[in-house]
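Before any comments, here is the structure.
Numbering (our numbering), first residue to last: 11 to 455.
Dropping the structure here:
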């Protein structure tokens, strides 16, 4: 107890006092000091003061969210022998790999003699004083129906499974089970994404007992490799992806856009096991080698009529030979049935360039007789109807899609939505061809 009081005094001390204090410590005392989190944590990584029931850390990658969560759970367990803690993330595998056994997880942040015993078969950690934590998968909301807890750490909530509202159901079931103790508390840590559960929590920010901590990757630059910081700053500093993943900003939808980020999140799935009846590569060639990107997007159609966006293989400011080779290799890799390319800028030369790059599959040249918005609206309607899924994440493509406006303008990154155009051509070929356009069925059809 005396050591803890000395550690607390060190936290409040100025630099000369700290050096003097450290010089007087034995090796054992220094080892103990290394595990005293309040000494090393940044202020925003420490629990808020006062009475709160929800603490949301919404910050960029590398901010130190996992370490903050693990240290908070450690503090709760050490202070309350009766604590029953829920550890919830997208899957049990991720809960074990990140929250428990990860570099910043629970086992790593404890001194060896104070570490909890982890029983993987029971999904349970037990501390020497009797406190317990149990792992849960947000993809199985019903597993949270029934168990009672006094505390919970929910990690990467923006990654929770949104299909069939699983994320919201898991959150609601968890809240209804937080009925142990006098002041149940939840810590939620996540990089922001425009998913329903994240929006819901952010909307509670001004409610009593809700604390939101924001931060960026750069806040933790002192503990990250300098080369990593230089690389990500150079590649993503001025992009929408960078604002979200590095600065920790929840991106808002543009009013009047044909696609919203929340819509795209609803249409996302981590992988697809369904067979593909057809695969098409959509191409939006650049006007010149010094022009915009060449949009190259791979889409597929399943036997039951579901559209799938499989890959964004677009290339920036390529020469005709380079983008043609990229199209040919992409089509070969995905075993595409056809390449659909816009020919407004190059006419028949587009096909000639592709053939010269050894593109063997059928090529269909399409001409834009209507504006980008008019072409995109029927495809956006397919998304609204739940008929298109994104298999994985395509940040640059999705940034462009969310900038295509219903009025015909474009308010996304770059001068033109080249990737979005390529997607529109591919999905139009697969799902809105002459014999595939939706029609209103009447009774008796």
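Glycine included, C-beta positions come from ideal geometry on N, C-alpha and C. Everything numeric in this text was worked out from a predicted model, so none of it was measured.
Under 7 Å Cβ to Cβ from residue 181, same chain only, skipping five residues before and after it: list those, please. 207
From 96, 349, 369, 86, residue whose alpha carbon lies closest to that of residue 434: 349
Would DSSP call residue 305 helix, strand or coil? strand
Between residue 67 and residue 241, which are expected to be in contact by the criterion C-beta below 8 Å, what is the C-beta distance as a whole number of angstroms? Residue 67 to residue 241, Cβ: 24 Å. No contact.
Could you check whether residue 93 and residue 146 sit closer than 9 Å to each other, using their CB atoms as the reference points? no
By Cβ distance, which residues of its chain are closer than 6 Å to residue 219, with the 5 residues on each side in sequence left out? 62, 63
Between the CA atoms of residue 120 and residue 10 - distance to the nearest angstrom: Outside the displayed span of the chain (11 to 455) sits residue 10, for which this structure offers no information.
Find out if the Cβ-Cβ distance for the pair residue 415, residue 408 is shorter than 9 Å. no
For residue 33, does the count of other Cβ atoms within 10 angstroms reach 16, so buried, or fall short, so exposed? exposed
Proximal residues to residue 375 (C-beta, below 7 Å), its chain only, five neighbours per side dropped: 351, 353, 360, 361
In whole angstroms, give me the CA-to-CA distance for residue 288 and residue 248. 37 Å
How many angstroms separate the CA atom of residue 309 from the CA atom of residue 176? 26 Å
Which residues mark the beginning and the end of the alpha helix (DSSP H) in which residue 161 is found? Residue 161 -> not in any alpha helix (DSSP H); beta strand (DSSP E) instead, spanning 161-165.
Use the C-beta contact count for residue 73: other C-beta atoms within 10 angstroms, 16 or more gives buried, fewer gives exposed. buried
By the DSSP assignment, the beta strand (DSSP E) with residue 348 in it spans what residues? 348-352
To which residues of the same chain is residue 453 closer than 8 Å at the C-beta, ignoring the five residues directly before and after it? The predicted model places residue 453 with a pLDDT of 44, which falls under 50 and marks its position as unreliable; any figure quoted below should be read in that light. If we look at residue 453 and ignore the five residues flanking it on each side, it has no Cβ neighbours.
What are the partner residues of residue 415, as DSSP defines its beta bridges? 267
Paired residues, beta bridge with residue 68 - DSSP: 200, 224
What's the call for residue 216, buried or exposed, on a 16-neighbour Cβ count within 10 Å? exposed
Is it buried or exposed, residue 122, if we count other Cβ atoms within 10 angstroms and call 16 or more buried? exposed
In its own chain, which residues sit with a C-beta less than 8 Å from the C-beta of residue 52, not counting the 5 before and 5 after it? 74, 229, 230
Could you tell me if residue 326 is buried or exposed, where buried requires 16 or more neighbouring beta carbons within 10 angstroms of its beta carbon? exposed
Near the ligand SAH: residue 372 beta-carbon under 8 Å from a heavy atom: You won't find the ligand SAH in this model; it holds no ligand whatsoever.
Please work out which residues of its chain come closer than 7 Å, Cβ to Cβ, to residue 264, disregarding the five sequence neighbours upstream and downstream, and give them in chain order. 412, 413, 421
Extent of the continuous beta strand (DSSP E) run through residue 94: 94-99
Take residue 392 as the anchor and find which of 179, 283, 318, 405 has the nearest alpha-carbon. 318
Leaving aside the five residues before and after residue 369 along the sequence, list all residues of the same chain whose C-beta is less than 8 Å from its C-beta, in chain order. 334, 337, 338, 341, 349
Closest to residue 442 by C-alpha separation, out of 394, 389, 410, 406, would be which residue? 389
Length of the line joining the Cα atoms of residue 112 and residue 80: 10 Å
For the beta strand (DSSP E) that contains residue 401, what are its first and last residues? 398-401
Note down, in chain order, each residue of its chain lying with its Cβ closer than 6 Å to the Cβ of residue 239, except the 5 sequence neighbours on either side. 231
Our contact map puts residue 244 next to residue 70 with C-beta atoms below 8 Å; I'd like the distance itself, whole angstroms only. That belief does not hold up - the Cβ atoms of residue 244 and residue 70 are roughly 16 Å apart, past 8 Å.
Within a Cβ cutoff of 7 Å, which residues of the same chain sit near residue 447, ignoring the five residues on either side of it in sequence? Model confidence at residue 447 stands at a pLDDT of 44, short of 50, so the residue's coordinates are unreliable and nothing is read from them.
Residue 11 - DSSP class collapsed to helix/strand/coil: No answer about residue 11 holds up, because its pLDDT of 44 lies below 50 and its placement is not dependable.
So residue 275 packs on residue 204, CB below 8 Å; how close in whole Å? 6 Å
Can you check which of these residues, 366, 345, 346, is closest to residue 332 by C-alpha distance? 366
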